[in-house]
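Engineer:
In our numbering, the protein residues as written are 7 to 499.
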């Protein structure tokens with residue numbers, strides 16, 4: 007039986023990467039993998055089990071080769087996120103996994119001082135991707151020895167992701183070579199990636215789902231690959247992205263969040279572009295609603311939405327909407343794939359999940375869903391919290407507070423370390439914040455009639471949700487860090 011490893015062996019047999027005005031074959035990328043291995047091994051002393059932080063914003067030919075070189079050496083990738091500010095840098099994934107043995111940065115990454123400050127602070131040393139062009143092999147015998155050798159083993163950790171940090175500091179979620187291989191192969195078949203001749207990569211491994219639902223599955227099954235760095239704040243950058251999708255007939259692309267989607271649609275509307283070919287946008291992290299449908303019809307796009315959890319199932323349910331979708335039923339999260347990879351049972355406590363090929367014990371996702379004629383609908387999520395000796399359900403509290411602030415979008419932030427709550431009200435005005443202040447002086451009588459008069463918000467602020475949205479969702483770790491810093495600063499005045 008073939009070993010379940012993430013190595014060059016999984017790369018599609020007719021793989022072609024179109025990068026920097028050139029087309030690179032499978033043989034070309036294998037040569038690049040070999041060269042990156044000697045740079046990592048000889049120049050930087052990287053050995054099996056050591057950690058690697060990827061500060062690469064452009065997913066090009068050299069980026070792809072580096073990922074496979076590191077995987078073959080048995081290195082561990084660290085999931086990196088962007089710091090919101092200097093004050094929240096210690097709440098990033100880089101800080102969580104520090105010290106990182108080596109950080110690799112590219113030219114786009116180096117232009118961002120905040121990102122570079124983070125890498126310099128939490129990485130033992132840095133490597134520039136330009137070393138691929140400038141490095142000289144010192145020991146040819148060593149190169150010949152390691153260039154085609156696989157140091158990794160099936161149970162070695164390939165990738166370190168983390169939980170969302172909703173109720174406390176994010177927790178590490180390791181992905182072994184074997185589990186990553188199984189997930190990627192399963193998702194490549196599940197998403198029918200062999201039916202997509204051309205995939206586009208616009209993001210580093212920003213999220214576990216990007217690795218096992220897009221990057222690796224497409225490399226396993228898709229022939230043509232393009233990579234492009236996209237600055238979503240720049241209309242010109244989005245225009246270049248749209249032109250690439252149109253001109254190169256890109257079939258499959260993964261986008262991070264609703265802001266990125268809205269920016270793409272804005273350009274499509276402005277330029278009145280309807281794609282001449284079929285385009286699927288893979289997303290996770292936001293709910294599908296009817297207001298998305300007009301743009302899909304107008305521009306000939308599908309949205310493939312995934313529902314799951316980094317530490318249980320990626321994905322558990324899939325929902326596809328497109329030009330022919332008439333409406334979206336409220337709460338619909340899609341259908342459950344019938345491939346048998348996951349075994350689930352709808353229970354009172356949530357969703358019980360088993361994955362016989364990957365882990366032994368049953369895991370529970372604390373989301374309550376309802377099945378109707380093969381379709382699954384999300385009802386709520388149960389998260390019980392104790393603060394200041396009061397126990398309450400987090401989502402019930404959030405819904406109650408929304409009634410006080412006229413339905414404004416918000417996040418209740420739990421700080422167990424300081425035994426308190428904060429309230430972020432997103433993108434509103436000061437009058438809403440003022441009304442929220444009243445929440446601190448009333449009994450928050452929830453459905454179970456639990457009085458929370460002693461549980462008040464230590465700080466309430468009107469903040470920009472876009473600023474705190476890192477990749478697919480709000481970074482609760484950094485939001486919590488922001489409030490902690492504000493409270494600390496106010497206490498020293």
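Each residue gets a CB set at the ideal place from its N, CA and C atoms; glycine is no exception.
Nearest to residue 467 by CA position, among 319, 126 and 427, is which residue?
Structural biologist: Checking every option, the nearest Cα to that of residue 467 belongs to 427.
Engineer: Rounded to whole angstroms, what's the CA-CA distance from residue 226 to residue 335? Just pull it up for me.
Structural biologist: Straight-line Cα distance between these residues: approximately 34 Å.
Engineer: Could you round the C-beta distance between residue 43 and residue 153 to whole angstroms and report it? I think they count as a contact, below 8 Å.
Structural biologist: About 6 Å separates the two Cβ atoms, so the contact holds.
Engineer: If we call anything under 8 Å between Cβ atoms a contact, is residue 70 one with residue 23?
Structural biologist: Contact: yes.
Engineer: Measuring only the C-alpha atoms, how far is residue 360 from residue 374?
Structural biologist: Going from the Cα of residue 360 to the Cα of residue 374 covers about 17 Å.
Engineer: Let me know the secondary structure DSSP gives residue 199 once reduced to three states.
Structural biologist: The answer is helix: DSSP assigns residue 199 an H, G or I state.
Engineer: DSSP has residue 307 in a bridge; who is on the other side?
Structural biologist: Paired residue(s): 285.
Engineer: Measure the CB-CB distance between residue 181 and residue 164 and report whether it falls below 8 Å.
Structural biologist: The answer is yes: Cβ separation under 8 Å.
Engineer: Considering only DSSP beta bridges, list what residue 59 is partnered with.
Structural biologist: According to DSSP, which records beta bridges pairwise, residue 59 is partnered with 84 and 109.
Engineer: For the segment 48-63 against the segment 80-98, do three or more pairs of beta-carbon atoms, one drawn from each stretch, fall closer than 8 Å, so that the two count as touching?
Structural biologist: These segments touch.
Engineer: Using three-state DSSP, classify residue 9 as helix, strand or coil.
Structural biologist: Residue state, collapsed to three classes: coil.
Engineer: When the Cα atoms are used, what is the spatial distance from residue 99 to residue 159?
Structural biologist: Those two C-alpha atoms are separated by around 25 Å.
Engineer: Select from 234, 346, 46 and 206 the residue whose C-alpha is nearest the C-alpha of residue 222.
Structural biologist: Measuring from the Cα of residue 222, the nearest candidate turns out to be 206.
Engineer: From residue 404 to residue 396, what distance separates their C-alpha atoms?
Structural biologist: Taking the straight line joining both Cα atoms gives about 15 Å.
Engineer: With DSSP run on the structure shown, which of helix, strand or coil describes residue 475?
Structural biologist: In the structure shown, residue 475 sits in a strand (DSSP, three-state: E or B).
Engineer: Write down the C-beta distance between residue 187 and residue 10 rounded to the nearest angstrom, noting that I regard them as a contact closer than 8 Å.
Structural biologist: With a Cβ gap of about 4 Å, residue 187 and residue 10 count as contacting.
Engineer: With residue 241 as the anchor, note down where its alpha helix (DSSP H) starts and where it stops.
Structural biologist: Looking at the DSSP string, the run of the alpha helix (DSSP H) that includes residue 241 is 241-253.
Engineer: Is it buried or exposed for residue 15, if we count other Cβ within 10 angstroms and need 16 for buried?
Structural biologist: Residue 15 should be labelled exposed.
Engineer: Tell me, please, whether the segment 136-143 touches the segment 273-293 by the rule of three or more beta-carbon pairs shorter than 8 Å.
Structural biologist: Too few Cβ pairs lie closer than 8 Å, so no.
Engineer: Report yes if the CB atom of residue 324 is closer than 8 Å to the CB atom of residue 341, and no otherwise.
Structural biologist: Yes; because the gap between Cβ atoms is below 8 Å, this pair is in contact.
Engineer: According to DSSP, which residues form a beta bridge with residue 465?
Structural biologist: Answer is 428, bridged to residue 465.
Engineer: If you follow the beta strand (DSSP E) that residue 223 is in, where does it begin and where does it stop?
Structural biologist: No beta strand (DSSP E) holds residue 223; the alpha helix (DSSP H) holding it covers 222-227.
Engineer: Taking contact to mean at least 3 C-beta pairs separated by less than 8 Å, is the segment 288-301 in contact with the segment 234-243?
Structural biologist: With the cut-off at 8 Å, the segment 288-301 and the segment 234-243 do not touch.
Engineer: If I measure Cβ to Cβ from residue 65 and keep anything under 6 Å in the same chain, skipping five residues before and after, which residues do I get?
Structural biologist: The answer, listed in chain order, is 207 and 233.
Engineer: Does the beta carbon of residue 123 sit closer than 8 Å to a beta carbon anywhere in chain B?
Structural biologist: The structure shown has no chain B; it contains just one protein chain.
Engineer: Quick one: what does DSSP say residue 132 is sitting in, helix, strand or coil?
Structural biologist: Residue state, collapsed to three classes: strand.
Engineer: Classify residue 298: buried if its beta carbon has 16 or more other beta carbons within 10 angstroms, exposed otherwise.
Structural biologist: With 16 or more Cβ atoms within 10 Å of its Cβ, residue 298 is classed as buried.
Engineer: To the nearest angstrom, how far is it from the Cα of residue 20 to the Cα of residue 204?
Structural biologist: One C-alpha to the other measures close to 12 Å.
Engineer: Any chance you could list the beta strand (DSSP E) runs of at least 3 consecutive residues sitting entirely within the segment 378-413, in chain order?
Structural biologist: Correct list: 381-387, 390-393 and 396-399.
Engineer: Count the other CB atoms within 10 Å of the CB of residue 314; is the residue buried (16 or more) or exposed (fewer)?
Structural biologist: Buried, because 16 or more other Cβ atoms sit within 10 Å of the Cβ of residue 314.
Engineer: Residue range of the beta strand (DSSP E) that residue 497 falls in?
Structural biologist: Not the beta strand (DSSP E): residue 497 falls in the alpha helix (DSSP H), residues 482-497.
Engineer: Please state if the CB of residue 76 and the CB of residue 46 are separated by a distance shorter than 8 Å.
Structural biologist: Their beta carbons are under 8 Å apart, which means residue 46 touches residue 76 by this criterion.
Engineer: On the DSSP bridge list, what partners appear for residue 232?
Structural biologist: According to DSSP, residue 232 bridges with 24 and 206.
Engineer: Give me the DSSP bridge partner(s) of residue 180.
Structural biologist: Answer by DSSP bridge pairing, in chain order: 166.
Engineer: Restricting to Cα atoms, I'd like to know which of 410, 418, 411 and 393 is closest to residue 401.
Structural biologist: The residue with the shortest Cα to Cα distance from residue 401 is 418.
Engineer: Can you give me the C-alpha to C-alpha distance between residue 446 and residue 462, rounded to a whole angstrom?
Structural biologist: Here the model assigns residue 446 a pLDDT of 44, short of 50, so the residue's position is not dependable, and the following value carries that caveat. Going from the Cα of residue 446 to the Cα of residue 462 covers about 5 Å.
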